[in-house]
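Residues in the sequence shown are numbered from 5 upward in steps of one, following the working numbering.
Each residue gets a CB set at the ideal place from its N, CA and C atoms; glycine is no exception.
A quick note: this is a predicted structure, and the numbers were derived from the prediction, not measured.
All remarks here apply to the structure that follows.
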Amino acid sequence: MSAHYERATVLLDQHRFEDAVKELKLATVEEPDCPFTYGLLAICLGRLERYEQAIEVAAKVIELAPDLSYSHYIRALVHVWRGNLAEGREAANEAISLSPETAEYYGVLARIEFESSNWAKAVAAADQGLMLDPAEDVCLHYRSLSLSKLGRREEAEQGINTLLVHNPEDSHTHIARGMLYLEQGDAAHAKKHFLESLRLDPTNEEARHGLVNALNARHFIFGRALQLLLYLDHFRASALWLMIIGAIVAVRMLDRLVKTYPDAYAIAFVIKVIFFSTLILIVVAQPLFDIILRLDREGRLALTENRLRASTLNMVCF
Numbered sequence: 005m006s007a008h009y010e011r012a013t014v015l016l017d018q019h020r021f022e023d024a025v026k027e028l029k030l031a032t033v034e035e036p037d038c039p040f041t042y043g044l045l046a047i048c049l050g051r052l053e054r055y056e057q058a059i060e061v062a063a064k065v066i067e068l069a070p071d072l073s074y075s076h077y078i079r080a081l082v083h084v085w086r087g088n089l090a091e092g093r094e095a096a097n098e099a100i101s102l103s104p105e106t107a108e109y110y111g112v113l114a115r116i117e118f119e120s121s122n123w124a125k126a127v128a129a130a131d132q133g134l135m136l137d138p139a140e141d142v143c144l145h146y147r148s149l150s151l152s153k154l155g156r157r158e159e160a161e162q163g164i165n166t167l168l169v170h171n172p173e174d175s176h177t178h179i180a181r182g183m184l185y186l187e188q189g190d191a192a193h194a195k196k197h198f199l200e201s202l203r204l205d206p207t208n209e210e211a212r213h214g215l216v217n218a219l220n221a222r223h224f225i226f227g228r229a230l231q232l233l234l235y236l237d238h239f240r241a242s243a244l245w246l247m248i249i250g251a252i253v254a255v256r257m258l259d260r261l262v263k264t265y266p267d268a269y270a271i272a273f274v275i276k277v278i279f280f281s282t283l284i285l286i287v288v289a290q291p292l293f294d295i296i297l298r299l300d301r302e303g304r305l306a307l308t309e310n311r312l313r314a315s316t317l318n319m320v321c322f
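Below is the structure:
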């Protein structure tokens with residue numbers, strides 16, 4: 005490997021992605037046929053959210069080494085970051101077929117299945133990877149998150165605790181631990197883990213989002229809304245749509261019932277007030293409490309620039 009490549013790996017570890025890209029472009033001039041140089045370049049571009057460029061570079065990696073499992077692993081990664089889960093799954097499966105003994109390939113497949121809400125499949129993929137390497141952190145991470153979604157909270161906590169023991173300096177592990185605390189309604193401990201995640205990786209937007217939720221959860225109303233949203237997050241999108249349709253049908257049936265039995269009006273009114281209040285709360289809770297955070301010295305620092313701008317527009321709307 006060239007000296008530029010070696011410098012790029014150091015810069016990548018320091019989260020200096022722009023500088024790493026510059027070094028890797030110089031490395032590709034020196035070694036134009038090296039798939040690993042292009043692979044690292046695709047990773048850096050992906051971390052900079054320049055996804056289309058990352059996908060183009062990943063295609064170059066495949067072109068240079070179509071029979072190399074690493075090539076398909078890189079393609080899987082950049083497609084997952086872009087949100088192209090079907091393409092990512094295809095690439096991950098191809099990487100596994102070429103090198104079934106590599107645990108980290110099962111980790112990216114577990115992530116794809118988790119983000120597709122296929123939590124049981126995510127656990128199965130992670131288990132395959134952990135059979136090869138019991139300490140594979142991506143497998144442990146997405147196995148724990150998937151177990152939490154499946155309601156197997158104790159097993160999820162065991163997995164996260166194992167990750168914290170093996171690698172207490174991993175930003176994503178602290179996010180997972182923080183999310184578990186949020187689901188349990190423990191905003192104070194969740195806040196500590198999100199802050200630790202940001203200390204380890206100040207660029208981690210997922211940690212910043214979690215910190216905002218942890219700070220908002222201190223308020224009674226948003227805390228209840230957040231608990232409801234986290235509970236609903238355990239359901240597939242199709243199940244949520246069925247629940248919404250069922251609730252609308254139930255409200256219509258309630259209106260018909262009141263016409264037949266006028267004495268039931270008061271009960272029906274209370275039920276409808278609770279239903280629509282909950283619905284409105286879910287919609288307005290996040291923007292409303294972002295405004296409250298904006299007015300709080302500690303909370304303002306947690307909001308991203310995008311959310312600060314959004315809170316300005318929300319204030320105008322409110």
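- Taken in chain order, the complete alpha helix (DSSP H) segments of 4 residues or longer contained in the stretch 258 to 315 are 269 to 298, 301 to 306.
- Between A229 and A191, the gap from beta carbon to beta carbon reaches 8 Å or more.
- Remark: C-beta atoms of A251 and F279 approach each other more closely than 8 Å.
- Per DSSP, the unbroken alpha helix (DSSP H) holding A160 starts and ends at 157 to 170.
- Below 8 Å, too few C-beta pairs join the stretch 182 to 196 and the stretch 259 to 269 to call them touching: fewer than three.
- The beta-carbon separation of V25 and Y42, rounded to 12 Å, does not stay under the 8 Å limit for a contact.
- If you draw a 10 Å sphere on the C-beta of V14, you find fewer than 16 other C-beta atoms in it, and that means exposed.
- Residue environment: P39 is assigned as buried (16 or more neighbouring CB atoms within 10 Å of its CB, all protein chains considered).
- Nearest to E22 by alpha-carbon distance, out of R147, M183, L49, is L49.
- When DSSP states are grouped into helix, strand and coil, S121 belongs to the coil group.
- For N97, the uninterrupted alpha helix (DSSP H) run begins and ends at 89 to 102, by DSSP.
- In this structure, G111 and E140 form a Cβ contact; the two beta carbons are roughly 6 Å apart against a cut-off of 8 Å.
- The residue from F118, Y109, L285, N208 with its alpha-carbon nearest to that of L232 is L285.
- With a beta-carbon spacing of about 4 Å, G133 and C143 fall inside the 8 Å limit used to define contacts.
- Shown here for E34: same chain residues with a beta carbon closer than 8 Å to its own, the five before and five after excluded, namely S6, H8 in chain order.
- Cβ atoms of Y146 and A99 stay farther apart than 8 Å, at about 16 Å.
- Beyond the five residues adjoining it in sequence on each side, V65 comes within less than 6 Å, by CB distance, of P39, Y42, G43, S75, I78 in the same chain, given in chain order.
- Between D174 and L184, the CB-CB gap reaches or exceeds 8 Å.
- DSSP, reduced to helix, strand and coil, places L186 within a helical segment of the structure shown.
- For L89, same chain residues with a beta-carbon under 7 Å away, outside a window of 5 residues either side, are I116, E119, S120 in chain order.
- Residues S6, H8, Y9, A12, T41 of the same chain have their beta carbon placed closer than 7 Å to that of A31, with the five preceding and five following residues left out of the count.
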